[in-house]
């Protein structure tokens with residue numbers, strides 16, 4: 012296998028491994044458990060579920076793969092903290108958002124060729140990308156994989 | 012820049028970013044704060060410090076870059092859980108282990124060329140590596156970067 016292909020495989024394997032582990036934790040936690048804080052005074056499982064769903068939904072436009080499906084999540088779960096007082100959607104809805112966002116990403120990822128991963132993401136301008144060619148789709152994948160891990164470590168505290 | 016070089020740069024950037032963030036958290040937390048559990052009944056900051064130091068120290072032989080400097084950490088911080096009852100080294104010593112392990116890795120990483128990252132790690136046999144060429148040094152780097160993130164998410168709860 013070509014080394015470049017190998018790298019894409021490694022990055023995708025890491026992404027899907029984190030998604031799979033996080034799915035297991037969300038399946039294991041019922042709604043009551045999700046309402047608890049991961050540590051006293053810190054984020055609840057519900058907030059982390061909404062946050063991860065919002066961030067993954069936002070990856071679709073960031074990677075130039077389409078539009079957000081759940082743009083309303085950003086205000087509650089990205090721009091504002093857990094204790095903002097803003098009303099939160101039902102947990103069952105957030106669970107659906109999380110799964111839908113990841114399924115949409117998976118479908119798009121499977122259709123991308125190796126070279127597509129080296130194209131710029133949409134939050135960087137073309138002149139900046141020419142100077143900093145690492146600001147590509149693959150880098151978004153890596154950084155979001157790390158992002159899942161940081162919150163999965165916290166969600167594990169609820170199990 | 013060649014795409015393969017770019018990928019190594021991206022993976023190393025991600026590693027060093029996680030190390031840097033974790034260093035900041037460990038510097039911010041004094042020894043008393045580190046003795047606290049990240050959530051009631053869960054691991055203490057001290058255990059996570061020892062655990063990360065042990066895992067990073069073990070990366071040196073795993074990557075074929077030398078011997079462990081602190082082999083005694085494995086029993087307490089990898090093979091056994093926080094509440095094992097085993098005596099733990101002083102926190103100041105663990106802080107030194109953490110920094111030393113990362114500095115040794117950084118020195119070795121800077122000396123590795125692009126192709127070196129595609130060579131097998133030492134926990135996979137040559138026949139297995141021929142079938143599964145993604146079991147290389149770069150994959151260790153990626154998975155350990157994700158590993159730091161999962162514990163950094165927990166350590167952040169102490170700040």
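Protein chains in written order, with the working numbering: chain H, 12 to 170; chain U, 12 to 170. Backbone N, C-alpha and C define an ideal beta-carbon position, used for all residues, glycine too. The structure displayed is predicted, hence computed values, not measured ones.
Contact check, residue 60 of chain U vs residue 37 of chain U, beta carbons under 8 Å: As a first step, residue 60 of chain U must be located in the second chain, where it is residue number 49. As a first step, residue 37 of chain U must be located in the second chain, where it is residue number 26. A contact, by the Cβ cut-off of 8 Å.
Residue burial classification, residue 6 of chain U (beta-carbon count within 10 angstroms, cutoff 16): Because chain U is modelled from 12 through 170, residue 6 of chain U falls outside the range shown and cannot be assessed.
Inter-stretch contact at 8 Å, needing at least 3 Cβ pairs: the region 130-137 of chain H / the region 31-48 of chain H: no
Contacting residues, own chain, Cβ-Cβ under 8 Å from residue 55 of chain H (five flanking each side not counted): Counted from its first residue, the first chain places residue 55 of chain H at position 44. These residues qualify, in order along the chain: 45, 46, 47, 48, 49, 93.
Partners in chain U for residue 165 of chain H, counting only beta-carbon separations shorter than 9 Å: On the first chain, position 154 is the one that residue 165 of chain H refers to. 49, 50, 161, 164, 165, 167, 168, listed in chain order.
At least three beta-carbon pairs within less than 8 Å, the region 150-161 of chain U to the region 64-73 of chain U: yes
Residue 78 of chain U - DSSP class collapsed to helix/strand/coil: In the second chain, counting from the first residue as 1, residue 78 of chain U sits at position 67. Coil at residue 78 of chain U, not helix or strand.
Proximity of residue 101 of chain H and residue 64 of chain H at Cβ, strictly below 8 Å: Numbered from its first residue, the first chain carries residue 101 of chain H at position 90. Numbered from its first residue, the first chain carries residue 64 of chain H at position 53. Against a cut-off of 8 Å, the Cβ pair of residue 64 of chain H and residue 101 of chain H comes out as no contact.
Residue 10 of chain H, DSSP secondary structure in three states: With chain H covering 12 to 170 only, the question about residue 10 of chain H has no answer from this structure.
Contacts around residue 166 of chain U, its chain only, beta-carbon distance under 8 Å, and the 5 residues preceding and following it disregarded: Translated into positions along the second chain, residue 166 of chain U becomes position 155. Excluding positions up to five away in sequence, the list reads 33, 36, 37, 40, 49, 56, 59.
Coil, strand or helix - residue 35 of chain H by DSSP: In the first chain, the residue the question calls residue 35 of chain H occupies position 24. Looking at residue 35 of chain H - three-state DSSP - the assignment turns out to be helix.
Cα-Cα separation between residue 121 of chain H and residue 136 of chain U, rounded to whole angstroms: Along the first chain, read from residue 1 onward, the residue named residue 121 of chain H stands at position 110. Along the second chain, read from residue 1 onward, the residue named residue 136 of chain U stands at position 125. If you take the alpha carbons of residue 121 of chain H and residue 136 of chain U, they lie about 30 Å apart.
Interfacial residues, the region 25-42 of chain U to chain H, with Cβ spacing under 9 Å: 25, 28, 29
CB of residue 97 of chain U within 8 Å of CB of residue 83 of chain U, strictly: In the second chain, counting from the first residue as 1, residue 97 of chain U sits at position 86. In the second chain, counting from the first residue as 1, residue 83 of chain U sits at position 72. Not a contact, by the Cβ cut-off of 8 Å.
Cutoff 8 Å: residue 88 of chain U Cβ touching any chain H Cβ: Counting from 1 along the second chain, the entry for residue 88 of chain U is found at position 77. Not closer than 8 Å to any Cβ of chain H, the Cβ of residue 88 of chain U fails to qualify, so no.
Sheet register partners of residue 55 of chain H (DSSP bridge): On the first chain, residue 55 of chain H is found 44 positions in, with the first residue counted as 1. The partner list for residue 55 of chain H (beta bridge, DSSP) reads H:48.
Same chain only: Cβ atoms within 7 Å of residue 170 of chain H, ignoring 5 sequence neighbours per side: Here residue 170 of chain H corresponds to residue number 159 of the first chain, with the count starting at 1. Only 36, 39, 40 meet the Cβ criterion.
Within-8 Å CB hit, residue 145 of chain H to chain U: Taking the first residue of the first chain as 1, we reach residue 145 of chain H at position 134. Closer than 8 Å: yes.
Neighbour flag for residue 15 of chain U against chain H, beta carbons, 8 Å: Along the second chain, read from residue 1 onward, the residue named residue 15 of chain U stands at position 4. Closer than 8 Å to some Cβ of chain H, the Cβ of residue 15 of chain U qualifies, so yes.
Residues that residue 123 of chain U contacts on chain H, provided the C-beta gap is smaller than 9 Å: Residue 123 of chain U sits at position 112 when you count from the first residue of the second chain. Simply none; closest approach about 15 Å.
Distance between beta carbons of residue 125 of chain U and residue 74 of chain U, contact taken as under 8 Å: On the second chain, residue 74 of chain U is found 63 positions in, with the first residue counted as 1. On the second chain, residue 125 of chain U is found 114 positions in, with the first residue counted as 1. Actually they are not in contact, since the Cβ atoms of residue 74 of chain U and residue 125 of chain U sit about 15 Å apart, beyond 8 Å.
From H:140, H:116, H:145, residue whose alpha carbon lies closest to that of residue 66 of chain H: As a first step, residue 66 of chain H must be located in the first chain, where it is residue number 55. Selected option, being the one with the closest Cα: H:116.
Helix, strand or coil at residue 131 of chain U according to DSSP, with G and I counted as helix: Within the second chain, residue 131 of chain U is the residue found at index 120, counting from 1. Note: residue 131 of chain U maps to strand in three-state DSSP.
Per-residue burial, residue 95 of chain H [other beta carbons within 10 Å of its own, 16 or more giving buried]: One-based indexing of the first chain puts residue 95 of chain H at position 84. Burial call: exposed.
Segment limits, alpha helix (DSSP H) that includes residue 103 of chain U: Stepping through the second chain from its first residue, residue 103 of chain U is reached at position 92. Its alpha helix (DSSP H) spans residues 102-122.
is_contact[residue 149 of chain U, chain H] using C-beta, thresh 8 Å: As a first step, residue 149 of chain U is located in the second chain; it is residue number 138 there, counting from the start. Chain H, which has a Cβ nearer than 8 Å to the Cβ of residue 149 of chain U, makes this yes.
Residue nearest to residue 43 of chain U in terms of C-alpha spacing, selected from U:103, U:53, U:23, U:107: Taking the second chain and counting its residues from 1, one reaches residue 43 of chain U at position 32. Of U:103, U:53, U:23, U:107, the residue nearest in Cα terms is U:103.
Boundaries of the alpha helix (DSSP H) in which residue 138 of chain H is found, first to last residue: The count along the first chain starts at 1 and reaches residue 138 of chain H at position 127. Start and end: 137-142.
Proximity below 8 Å, CB of residue 140 of chain U to CB of residue 148 of chain U: Mapped onto the second chain, residue 140 of chain U falls at position 129. Mapped onto the second chain, residue 148 of chain U falls at position 137. No; because the gap between Cβ atoms is not below 8 Å, this pair is not in contact.
Limits of the alpha helix (DSSP H) - the one that residue 84 of chain U falls within: If you number the second chain from 1, residue 84 of chain U lands on position 73. Where residue 84 of chain U is concerned, the enclosing alpha helix (DSSP H) stretches over 84-88.
Identity of the residues DSSP links to residue 147 of chain U by a beta bridge: Here residue 147 of chain U corresponds to residue number 136 of the second chain, with the count starting at 1. According to DSSP, which records beta bridges pairwise, residue 147 of chain U is partnered with U:131.
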